Structure formats: structure tokens, C-alpha cells
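For the sequence shown, numbering that gives the first Met the number 0 begins at 0 and goes up steadily by one. Ideal placement from N, C-alpha and C gives every residue a C-beta, glycine not left out. Bear in mind that the values here come from a model prediction, so they are computed numbers and not experimental data. Below: one structure, written as C-alpha cells.
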Amino acid sequence: MTTHRITFGLIVVMVMTLSGVAPAQSWKFVSTPDFLNVDVGDLTKLQNNGNYPYGTPTGNSTTTKWDTAVNTFLDAIQNENPDYVNVAGDLVMARWFQDGTRDGVFEKKLGTSGYNTRDLTTENNRIVNATDFYYTEWKDRFDSRGLTTYVAVGDHELGDDYSWASSRQNDSFGKTYGRETIPVHRDQFASHFVDPLFSNPSNLATGSSLYNGRPSGGEHQSTAYAVKHKNTLLVNVDVFKQGTDTSSNVAVTVADEQLTWLQDTLTLANADPDIDHIFVQGHTPTLQPVDRRVSGGLKINGGANSAFWQTLETMGVDAYLAGEVHDVTVSRDNPNDQIIQIAHGGIMGFPNANTSDDGNFISYMVGEVFDDRVELTMKKLNMTNFGGGQFYQPGNPGTALVNEFDISTTPTVMGTVTIDKTTSQTLYTGGTGVFSALNDTVPTQPPVPLGMYHFDNTNGTADGLSEKTITDGTSGLTFNDFIVSGVNEDPGGKGANNANRLATNSGWGTGNQQWIASSYIGFTVTANNDLLIDLNEISFEINRANGTNSHRDGRLLISSDGVNFTTFTLFEDLVTFDNVSMSTGGNASTFFTIDLDALGLDPAAMWEFRWQFAHTDGVDRVIRIDEVSLVGTAIPEPATLLLVVGGCMATCRRK
């Protein structure tokens, strides 16, 4: 008995897309937290016949330089051609409780018009007027460019945590109502940014739909929402919890009805075959530490141990997008996590916001989304030449903002990474720059036995098929029955000549007739659970009976569709094979091992194997086969497979 390994010569194959697989289509989103984080708008629009409705502002919250900077930044975003823009909170400055003691632009000024002590009704009305103005200005900048935005609540949308501090709860004019106005702040945010999505689907980006409604109750039922866009889910959470006592301070957390809704939403998304990627957007980071510039550094209570983060970590979320810190930090709780936190953004007009490493900048992130991956690129625009005096902010006389600064017109790349879904786990690969810590290695699985057919001679009389045994080496694969087509099993008793083999007698053809298509022995193996079978080798034993003139040709056919077969010649018109007699007395057995790696076979969900034999001497003799085994791996099914073999004896696959 001799063993033969059949290998094949140099293979050169052009790069190609597998037949029937469409080219990957992609789309983009942009993320830019904390844009603008400043009150920017032309207050002269409030004039009515030369008069302001309440008080005359001592400045205008826009300048030529500011308009240029904002437009330059939005030009850069528009040039990315995103389907939508994410903003994880802090659209405005919103320290409007101080407007009552400064100019009274949005409601009566304290000490005038009989308004000598604050009351909640007037202060709530101040919030309504201010948000109506600045939110409208903010939205118009995006609407005029045809850009859809999905926005999460930041602390500045709730009056800024500056106004919640205990030291600011009272002044010479009584209660400041920094905490008590939070419900109205939240209602105004919902009416401008969330309710329109629910009331008019045309406000959603093309290809978007709302997903799983809103929380069933609690203070976040109007501000938390999820959007399914094409193959991606974006969940927006409101991370600020005050409770029913509006005089109490605010906790930074996701809990109660909102947490339940988040968990339900992620459960639905994980079961949705149309959703390939999940992002969650909230204002404050969870993981610490993070870099920050001109920021109070708010963070989720409990960090990585919070119920919120544990939910994201265990329920298939790819990335948590946060702002608040005006700098860029990419975090992971531990190296094996299949979720990352990306805290980024920027803040305009603060000359003291520079860092020694990156300068003064505002960042945005581009996500290019495919079925099997998301390619993230962080970009920035630098800011220089600060000056021109203090930039006017209603109710914020101590701001360090300046009227003038320059912003670069060409974005600079800060780093890239790919969220890779082509294996059974999410991987973050090829990280550079700010993503440089993310360099997961695509796991490789060593080839393993996939299964074996063996034919037992247990009773000596039954046919070989009834006595086959299947050893299944890998779960998730189904080995289908060995097939005998167009030929006859040996009708005689097994005896010595037929021991432990599937014997076939007539049907191969006689004379010089070659290769009858319907005459073969073989089997199929099928992958389950969205797996593919990546073959490495096949081995088997062939016995060509005894007798002195048994000339036969042998070949193996392999197909992934049952129609198009690749042919491998085993032996051809030979009396001997590699100096081993195949036709002399006794049973001459030969083991064959075919190296399938060298053949450029791409993974498939099903493989069929057929052995055929042909006569050259006109005598119909027995062929026997046994010990048929496969070696390879079962891998998750990717959306697209590319075969790239250039002057080598291996297949290189994008998995």
C-alpha cells in the first residue's frame, strides 16, 4: 500500500469578484459632538421695527469670522457626502438663566418692568424663547445644505451643568431656577429635534426609519430614540437623570425605563437580519480616563461597571459615540471587548483650548459603512489667530470666547480603523493615529478533520453503503449519504477481496468508452448556520481489484454548486502507478491526498465529490473505495469573497 500526495503547479489567478456577488455598496455618516457648544446666531433677527421684544443685546452672537469658521466646518462635512450627521449633544451654550441679570434679551431683565424677583413661569418662557431662536439658527445651517442630523441631549441642552451647581441656586434676585427649568429645556429639545422625526418621516434621511419607538415612561420618553438607517442602527440616549423632584441635582446615568427600552431595542436589533452594525450615541463618556479641553469632564456614573456600559458591552454594540470633552480619546474596557468608546468633537473660539500634541482643533469622524465592516476616519480642522475681543453670549458675561479666529479649510486625518465583521467576532483592525491601539488580529483557525467515511465489513454480506460509518469532526456540517450512481455495488459476499470497502462492479463502461457522466460514486457535505466550508485537503483509499489486465483511468470531480465541476486526474491508462502495480494479483491499495489549498477553491456552503473510473481494456472489474476524509475549517459566511492568488500556491481570502 502506497500513499500519494497530489499537488499542483504554479497558479496565477487575477483578482476577481466571485460570480453572482455584487460589488460592495457603501454609504457614509459623520459624527461631530459638541457642535457648536456656543450660542451662534444673528440677534438682529429679533428686531421688530427697531425694537427688541425684551431687552437690547449689548452684542451680536455672530461675527464675520464666526460665520466663516462655521461655514468652513460645514463645508468639510458636506464634502464627505454623508447620509446623516450625528451630534452627541451640546449644540448651544445655553447659560440663559444669566440673561435675566444681563440684557434680558429673551425675557424681562431683573430689576426692570417690575420683575424684581425671579419666578419659574418667566424663566421657563426665557428658555422657550432662547431655544426657539438658537435651535432654529442651528438647524437652518444643516437644512440649507440638505444635511439630516440625529442629535442626542447634552448638558447644555438642559441649561449646562454650570447652572445646576448648588452655589448657583440663589442670587440677589432669588432662586436662579437652573435645575427647575430642566423639564422645559428637555421639552424644547424634543420639540425641535425628536418630535419632528416621529410626526413627519420626511425629516428622516432617505433609507431611515424610527426603531422601537421611545421609552415607555420617565423623563426620557421624549428625548431617547433610535433610527435604523439601511443596515445600521443608531440609538440616541439621554444620559441625564433628575427624577421627579426638579429642585434636585442631576445624575449622569442611563437607568429605569430608558435602560429597559435600550435593552429591548438592542435585543430586537440583534435579531434583525437587516441590521449589520449598531452604534449608541450619548453625550458623556463612560470609560475613563479621557483627554479633555475646556470641559467639566462629565462622565457616566459607574463607568465600565454601570448597567449602561454592561448592556452595550454584552448586546452587540460596535461603538459608543460621546462628546463633552472636546478632545479625542478612543477607549476599550479590556483588549478582548467587541465594543469601543470614541469620545471626540471640539469647541470653537477658545484660545486656551489648545493641547501640546494636536494644537487647537475641532474634530469630526467619518464612518463609511459596508455590509461586513465600517471604516472610521477621524479628521480635524485646526484653529489659529485668536483675537478681536470677547464674543457675545447672552447670559454668559465671563466667557473666554473671542470674536476672531481662523480655521483651516483642508481637514487633516487624525487616524483610521476598520470595524471588521467578516469573522464570528467583531474586530478593530488596522488602527492608526488616534485609533492606533486598535489592531486586532484576524483569528486563524488551524485546519481540522471535517469528517470521514469508512466502510465496515461487519456482517460480510450486506452492501457497503449500509455498513458505512461517518465520523463528523466539526459541528455545523452535515455529511450526506454516500451516493452510488449508474454503477452497481458488488453483489457478492464481501469476502477477503471486498473487506472494508465500498465495492462497485459494473456500470463504468466497456471497451474504449470514457467517462459516463451519470456513473460515479460520491457524497456531499453541507454547512449549517451561515457557515462556509474552507477546504484544505481530501484523502481517500482506492483499490483496483486483482487480475492481470485491469487498465483503468481514475479522476475526482469537485463542485460547490453541483453543476460546475473541477476535475483532478488520479491515474490515467496505467498498469502501474508510481511503481506500484495496480493490476497484478492481490488487492493493490493506494492512498491519495489532494492539497486543495493549492487549487484556489473558495469557501462554499456545500461541496460535492464524485469519483469516476473508465475502462481501457473492455473488462468490467471491481473498484473499491474507503477511508474518505476531509480536512479544513468551517468559517462564518462573509458578504463578499475575493480570490487573490498571484504567482503563489495558496489562496488569500478576505474573511
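Which listed residue (the options) has its alpha carbon closest to that of residue i
i, options, result
"E565", "L598, P272, T592 and I341", "Contrary to the premise, residue 565 reads as Thr rather than Glu in this sequence. Considering only alpha carbons, the answer is L598."
"I520", "K108, D625 and S247", "D625"
"K138", "F34, S207 and T205", "F34"
"D419", "Q24, R623, T440 and M314", "T440"
"T61", "A68, V69 and D41", "D41"
"S559", "G348, A604, L595 and L569", "A604"
"W507", "G472, G553, H184 and S538", "G553"
"P284", "N70, D255, F132 and F239", "F239"
"W163", "R178, G153 and Y427", "R178"
"P396", "W26, F28, K27 and D38", "D38"
"E403", "T67, A502, P56 and Q24", "T67"
"A655", "I515, A516 and F481", "Nothing about residue 655 can be reported from this structure: the residues present for the chain run from 0 to 654 only."
"Q444", "T473, G430 and S435", "T473"
"F612", "V234, N169, N487 and T468", "N487"
"P182", "I126, R140, L233 and S165", "I126"
"F590", "L600, R609 and F539", "F539"
"N696", "F390, V69 and H282", "Beyond the ends of the chain as shown, which are 0 and 654, falls residue 696; an answer cannot be given."
"G295", "I541, G429, H155 and A303", "H155"
"M364", "N333, S30 and K64", "S30"
"G388", "N359, P350 and V416", "P350"
"W514", "Q280, R609, N169 and N248", "R609"
"P56", "G475, L534 and Q392", "Q392"
"Q280", "N479, L233 and T470", "L233"
Cβ separation of residue i and residue j, assumed to be a contact under 8 angstroms, to the nearest whole Å
i, j, result
"V562", "G450", "23 angstroms between Cβ atoms; not a contact."
"F278", "L320", "6 angstroms"
"Y452", "V630", "That belief does not hold up - the Cβ atoms of Y452 and V630 are roughly 14 angstroms apart, past 8 angstroms."
"G103", "G158", "Not a contact, Cβ separation roughly 17 angstroms."
"N499", "V621", "Contact doesn't hold; Cβ gap of about 14 angstroms is too wide."
"T264", "A318", "Incorrect: roughly 16 angstroms between the Cβ atoms, too far for contact."
"R94", "Y176", "13 angstroms between Cβ atoms; not a contact."
Exposure label - residue i; buried when at least 16 CB within 10 Å
i, result
"D98", "buried"
"L261", "buried"
"D529", "exposed"
"Q187", "buried"
"A399", "exposed"
"S423", "exposed"
"L109", "buried"
"D89", "buried"
"G546", "At G546 the pLDDT is 46, less than 50, meaning the model places this residue with poor confidence; the figure from the coordinates comes in the next sentence. Looking at its Cβ environment, which holds fewer than 16 other Cβ atoms inside 10 Å, G546 is exposed."
"R144", "exposed"
"G322", "buried"
"L119", "exposed"
"V447", "exposed"
"G345", "buried"
"G430", "buried"
"D74", "exposed"
"G242", "exposed"
"S465", "exposed"
"Q340", "buried"
"Q309", "exposed"
Other residues of its chain near residue i: CB distance less than 7 angstroms, five sequence neighbours each side excluded
i, result
"F197", "L209"
"M413", "V327, S362, M377, K378, K379, G432 and V433"
"S407", "L380 and N381"
"P635", "T422, S423, D529 and L530"
"G113", "none"
Beta-carbon proximity list for residue i, same chain, < 6 angstroms, skipping 5 on both sides
i, result
"Y51", "L45"
"Y134", "H191"
"T383", "D405"
"N128", "F105"
"V150", "V86 and F192"
"M0", "Note that M0 has pLDDT 40, beneath the 50 cutoff, so the model's placement of it is unreliable and no number is given."
"N124", "E106"
"T147", "Y83 and A204"
"T130", "Q187"
Range of the contiguous alpha helix (DSSP H) that encloses residue i
i, result
"S198", "D194 to S198"
"H184", "I181 to F188"
"T67", "T63 to N78"
"K125", "As written in the sequence, residue 125 is Arg, which differs from the Lys given in the question. L119 to D142 is the span of the alpha helix (DSSP H), which, as asked, contains R125."
"D160", "D160 to W163"
"E312", "A306 to T313"
"T264", "D255 to A270"
Neighbourhood of residue i by C-beta distance below 8 angstroms, restricted to the same chain and skipping five residues each side
i, result
"F172", "G99, T100, L109, G110, N115, T116 and R117"
"R372", "T417, I418, D419, K420 and T421"
Endpoints, beta strand (DSSP E) assigned at residue i
i, result
"W26", "W26 to S30"
"E536", "L530 to N542"
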